[in-house]
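As structure tokens, the structure follows; a few thoughts come after it.
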Amino acid sequence: MVTLLLGLLVACGGNPGTGTGLATPTATSPALATPGGAVTATAPATSGGGADWTTYHRDNTRSGYVATAPDPTRLVSLWTTHLDGAVYAEPLVVHGRVIVATEGDSLYALNLSTGSVVWHTKVGTPVPLSTLPCGNIDPLGITGTPVYDPASNLVFAVAEISGPQHILIGVDADSGALKFRRSIDPPGADPRVHQQRAALALANGRIYVAYGGLYGDCGDYRGRVVAVPTTNPQAAMLTFSVPTPREGGIWAPAGPAVDASGDIYVSVGNGAVTSGDWDHSDSVLRLSPTLQLEDGFAPTQWASDNAADLDLSSLGPVLLPNGLLFIAGKSGIAYLLRANALGGVGGQLQEQRLCDAYGGAARVDNVIYVPCSLGVLQVTIASGPRIVRGWQAPANINGSPIVGGHTLYVVDRTGALYALNRETGALRARIAIEPTSRFATPTLVGRTLLVGTMSGVVAVGIA
Numbered sequence: 420m421v422t423l424l425l426g427l428l429v430a431c432g433g434n435p436g437t438g439t440g441l442a443t444p445t446a447t448s449p450a451l452a453t454p455g456g457a458v459t460a461t462a463p464a465t466s467g468g469g470a471d472w473t474t475y476h477r478d479n480t481r482s483g484y485v486a487t488a489p490d491p492t493r494l495v496s497l498w499t500t501h502l503d504g505a506v507y508a509e510p511l512v513v514h515g516r517v518i519v520a521t522e523g524d525s526l527y528a529l530n531l532s533t534g535s536v537v538w539h540t541k542v543g544t545p546v547p548l549s550t551l552p553c554g555n556i557d558p559l560g561i562t563g564t565p566v567y568d569p570a571s572n573l574v575f576a577v578a579e580i581s582g583p584q585h586i587l588i589g590v591d592a593d594s595g596a597l598k599f600r601r602s603i604d605p606p607g608a609d610p611r612v613h614q615q616r617a618a619l620a621l622a623n624g625r626i627y628v629a630y631g632g633l634y635g636d637c638g639d640y641r642g643r644v645v646a647v648p649t650t651n652p653q654a655a656m657l658t659f660s661v662p663t664p665r666e667g668g669i670w671a672p673a674g675p676a677v678d679a680s681g682d683i684y685v686s687v688g689n690g691a692v693t694s695g696d697w698d699h700s701d702s703v704l705r706l707s708p709t710l711q712l713e714d715g716f717a718p719t720q721w722a723s724d725n726a727a728d729l730d731l732s733s734l735g736p737v738l739l740p741n742g743l744l745f746i747a748g749k750s751g752i753a754y755l756l757r758a759n760a761l762g763g764v765g766g767q768l769q770e771q772r773l774c775d776a777y778g779g780a781a782r783v784d785n786v787i788y789v790p791c792s793l794g795v796l797q798v799t800i801a802s803g804p805r806i807v808r809g810w811q812a813p814a815n816i817n818g819s820p821i822v823g824g825h826t827l828y829v830v831d832r833t834g835a836l837y838a839l840n841r842e843t844g845a846l847r848a849r850i851a852i853e854p855t856s857r858f859a860t861p862t863l864v865g866r867t868l869l870v871g872t873m874s875g876v877v878a879v880g881i882a
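Residue numbers (my numbering): 420 to 882.
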């Protein structure tokens with residue numbers, strides 16, 4: 420194993436993983452680092468089968484759907500790898516390697532077949548919860564799901580590091596070498612009370628980064644989106660701030676959704692305003708590629724939603740065929756909108772009481788699988804258009820789902836992964852895994868499912 424350190428770095432060791440089928444590296448390959456990052460490299464990984472998974476829920480609409488995946492008769496444990504912190508971000512797969520971000524402020528590449536560490540890049544020191552005014556992640560490192568840029572071959576992630584401050588880093592997907600690093604804190608924002616939980620988005624040659632507050636809504640924070648070019652760490656940052664005096668966080672784990680024209684859609688949390696003119700909180704907003712506010716929607720009762728913390732920020736917007744958009748949130752009411760004319764206050768095409776929803780939904784054509792707190796719910800957008808309820812999973816099966824073939828995959832926090840028939844909700848298979856975070860969501864490549872856990876990542880096979 421080769422470790423190269425440049426500047427004032429923290430050395431880090433590669434964990435070969437635990438579980439079945441682990442490979443023993445037979446050669447070493449060098450990796451390069453720039454000041455502020457440490458890279459540990461082991462043997463090159465063999466390329467795995469299946470298409471890559473390079474962003475949250477696989478594409479910019481956040482569909483979480485792989486049409487050609489096989490359906491399981493059972494699920495089998497392949498390997499478990501323990502890393503230097505909890506994994507809140509969805510694992511990615513790039514060039515047949517598993518890319519994992521941890522709350523230890525590390526990025527790892529793992530062999531897809533064995534779970535052994537290919538490279539490990541430490542980008543900073545995570546922030547202890549004891550140094551923050553509120554929150555529920557300890558320590559706080561990389562929380563939002565990274566994104567891979569094929570043009571530069573860089574994996575981009577936002578790390579919260581001691582200071583505290585937020586930095587955007589880009590590491591080479593093949594070597595782990597740190598190639599891109601810059602501050603990504605919005606101008607005038609206090610890093611101590613802003614959290615980067617939403618998945619990053621890549622579009623229009625830019626990385627889009629959304630911010631909300633910490634669990635507990637402490638301090639003077641506001642929802643923000645910033646964007647920077649993928650090719651120039653010194654370039655000026657584009658910014659958007661929700662026009663509310665306080666709060667209005669953009670924190671849904673699915674992150675911004677992006678349509679075919681490059682417009683950005685975000686869901687926004689409760690704001691400080693509870694009467695008078697709408698402050699663009701409790702909303703879905705459409706932003707231009709340069710982060711100009713183009714349009715928005717809020718429920719008629721946005722002010723009372725704000726007062727009761729019953730906003731739309733807990734679920735990412737779901738882009739649908741035929742120019743439609745679905746959103747639900749904490750209040751239990753779902754809304755169907757036109758993406759190109761969101762409608763302002765009370766401008767929905769339809770609303771229906773469904774459930775309170777948290778995380779990221781999955782979508783197959785006009786069918787949505789909503790992560791309701793009382794069990795994943797199948798919803799069909801029928802002609803009209805109108806929202807039609809389908810089957811609902813048991814209450815404990817309430818994670819953020821994905822779909823492969825005719826099977827829905829979803830985890831629960833107690834440490835189980837479920838495979839359900841996506842048409843009927845019937846159980847196909849279940850397997851025990853390790854405990855996960857509240858918003859954990861699987862990744863699917865070929866016949867392998869990957870899930871981040873509170874101590875690393877597990878791989879499960881479709882049999």
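Heads up, the beta-carbon is just placed ideally off N, CA and C, and yes, glycines get one too. These figures come from a predicted structure and were not determined experimentally.
- Sequence-distant partners of residue 592 (beyond 5 residues in either direction) whose C-beta falls short of 8 Å from its own C-beta, in its chain, are 513, 514, 516, 518, 528, 567, 572, 573 and 574.
- Rounded to the nearest whole angstrom, the CA to CA distance from residue 771 to residue 536 is 47 Å.
- Counting the other CB atoms within 10 Å of its CB gives residue 509 a total of 16 or more, which places it among the buried residues.
- Secondary structure at residue 862: strand, using DSSP grouped into helix, strand and coil.
- Residue 790 places its beta carbon less than 9 Å from that of residue 829.
- In this model, residue 811 and residue 797 are separated by some 6 Å (Cα to Cα).
- Between residue 664 and residue 691 a beta carbon distance of about 5 Å is seen, short of the 8 Å cut, so the two are scored as contacting.
- Annotation: residue 816 to residue 651 spans about 43 Å, alpha carbon to alpha carbon.
- If you look at residue 670, you'll find it isn't in any beta strand (DSSP E); DSSP assigns it neither H nor E.
- A direct Cα-Cα distance of roughly 10 Å separates residue 511 from residue 861.
- A distance below 6 Å between beta-carbons, with the five flanking residues on each side excluded, links residue 605 to the following residues of its chain, in chain order: 643, 645 and 658.
- Shown here, residue 549 sits in a helix according to DSSP, grouped into three states.
- The beta carbons of residue 613 and residue 634 sit no closer together than 9 Å.
- Annotation: residue 686 to residue 834 spans about 29 Å, alpha carbon to alpha carbon.
- Sequence-distant partners of residue 524 (beyond 5 residues in either direction) whose C-beta falls short of 7 Å from its own C-beta, in its chain, are 541, 542, 543, 544, 545, 560, 561, 578 and 580.
- Here residue 695 is not near residue 705, since their CB atoms are 9 Å or more apart.
- For the options 504, 600, 806 and 820, the alpha carbon positioned closest to that of residue 556 is the one of 504.
- Taking residue 799 as the centre and dropping the five residues before and after it, the same chain places the C-beta of 785, 786, 807 and 809 closer than 7 Å to its C-beta, in chain order.
- Between the C-alpha atoms of residue 533 and residue 506 there is a straight-line separation of about 18 Å.
- Annotation for residue 721: the continuous alpha helix (DSSP H) segment containing it runs 721-727.
- Unbroken beta strand (DSSP E) runs of no fewer than 3 residues, entirely contained in the stretch 618-704, are found at 620-622, 625-632, 643-648, 657-660 and 683-687, following chain order.
- Burial is judged here by how many other beta carbons sit within 10 angstroms of a residue's own beta carbon; residue 847 has at least 16 and is buried.
- According to DSSP, residue pairing for residue 530 in a beta bridge involves 516.
- Checking the DSSP bridge columns, you'll see residue 476 has no partner listed.
- The Cβ atoms of residue 638 and residue 547 do not sit closer than 9 Å to each other.
- Take residue 754, set aside five residues on each side of it, and the residues of its chain with a beta-carbon closer than 6 Å to its own are 746, 767 and 770, in chain order.
- Setting aside the 5 residues that flank it on each side, residue 837 is surrounded in the same chain by 816, 829 and 849, each with a C-beta closer than 6 Å to its C-beta; the list follows chain order.
- Note that the C-beta distance between residue 520 and residue 558 is not below 9 Å.
- Taking a contact as a CB-CB distance under 8 Å, the pair residue 742 and residue 483 does not count as one, their CB atoms being some 20 Å apart.
- Minimum Cα-Cα distance from residue 501 among the listed residues 522, 595 and 673 corresponds to 522.
- An exposed status is given to residue 763, since fewer than 16 other beta-carbon atoms sit within 10 Å of its beta-carbon.
- With respect to residue 684, residue 675 sits close: the two C-beta atoms are nearer than 9 Å.
- For residue 785, the secondary structure class from DSSP, reduced to helix, strand or coil, is coil.
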